[in-house]
Amino acid sequence: MAAAVSPEAERILATVARVPKGRVASYGQIASIAGLTGRARLVGWALRNSPGGTKLPWHRILRADGRIAFPEGSDAYALQIRRLARERVAVTGGRVDLARYGWHRASSLDAMLWGPRD
DNA sequence: ACCGTGACGGTAT
DNA sequence: TATACCGCCACGG
469 MAAAVSPEAE RILATVARVP KGRVASYGQI ASIAGLTGRA RLVGWALRNS PGGTKLPWHR
529 ILRADGRIAF PEGSDAYALQ IRRLARERVA VTGGRVDLAR YGWHRASSLD AMLWGPRD
């Protein structure tokens with residue numbers, strides 16, 4: 469049983485699962501929230517090695533500058549853009565406006581003030 | 001055990 | 001805004 473991977477990966481994946489639909493977060497942000505500041509690369513590793521990672525909203529994770537982390541032109545690159553578009557997240561030039569779609573662990577109040585978009 | 005690679009990030013130039 | 005470097009750490013060869 470249990471693919472266990474590692475306690476850190478578990479926390480990382482659990483954090484990724486919390487990113488709301490229509491919002492995005494950076495690898496470093498996820499690492500910090502998971503209590504692993506400075507270990508953004510581990511987030512990428514955890515996602516890549518997550519058993520059945522298909523269930524996770526991995527497409528909501530981007531680089532710190534809002535760019536897609538996959539090589540431009542790759543299948544994953546195209547798929548991520550497609551999955552984001554499906555959530556109404558605009559991706560222009562392989563990049564998402566974090567000021568607009570970035571997840572800031574908002575409370576319901578913040579959600580009202582900021583709104584999902586617009 | 002050494003070294004290159006990578007779904008990263010911050011700072012300097 | 002873009003490029004270059006360096007710090008970071010798990011893996012694979």
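Taken in order, the first sequence gives residues 469 to 586; the numbers are from our numbering. Ideal Cβ positions, reconstructed from N, Cα and C, are used throughout, including at glycine.
{"Item": "Whole-angstrom C-beta distance between residue 494 and residue 551, which should lie under 8 Å", "Value": "Rounded, the Cβ-Cβ distance is 17 Å, inconsistent with contact."}
{"Item": "Close Cβ partners of residue 487 (< 6 Å) along its chain, the five nearest in sequence each way excluded", "Value": "493, 525, 528 and 571"}
{"Item": "Residue interval of the alpha helix (DSSP H) (run including residue 496)", "Value": "495 to 501"}
{"Item": "Meets three-Cβ-pair contact criterion under 8 Å: the region 498 to 507 and the region 534 to 548", "Value": "no"}
{"Item": "Boundaries of the alpha helix (DSSP H) in which residue 540 is found, first to last residue", "Value": "Unbroken run through residue 540: none, as it is neither H nor E."}
{"Item": "Straight-line gap, residue 478 to residue 489 (C-alpha atoms, nearest Å)", "Value": "20 Å"}
{"Item": "Rounded C-alpha distance that separates residue 511 from residue 568", "Value": "23 Å"}
{"Item": "Reduced DSSP secondary structure (H/G/I, E/B, other) of residue 547", "Value": "helix"}
{"Item": "Exposure label - residue 499; buried when at least 16 CB within 10 Å", "Value": "buried"}
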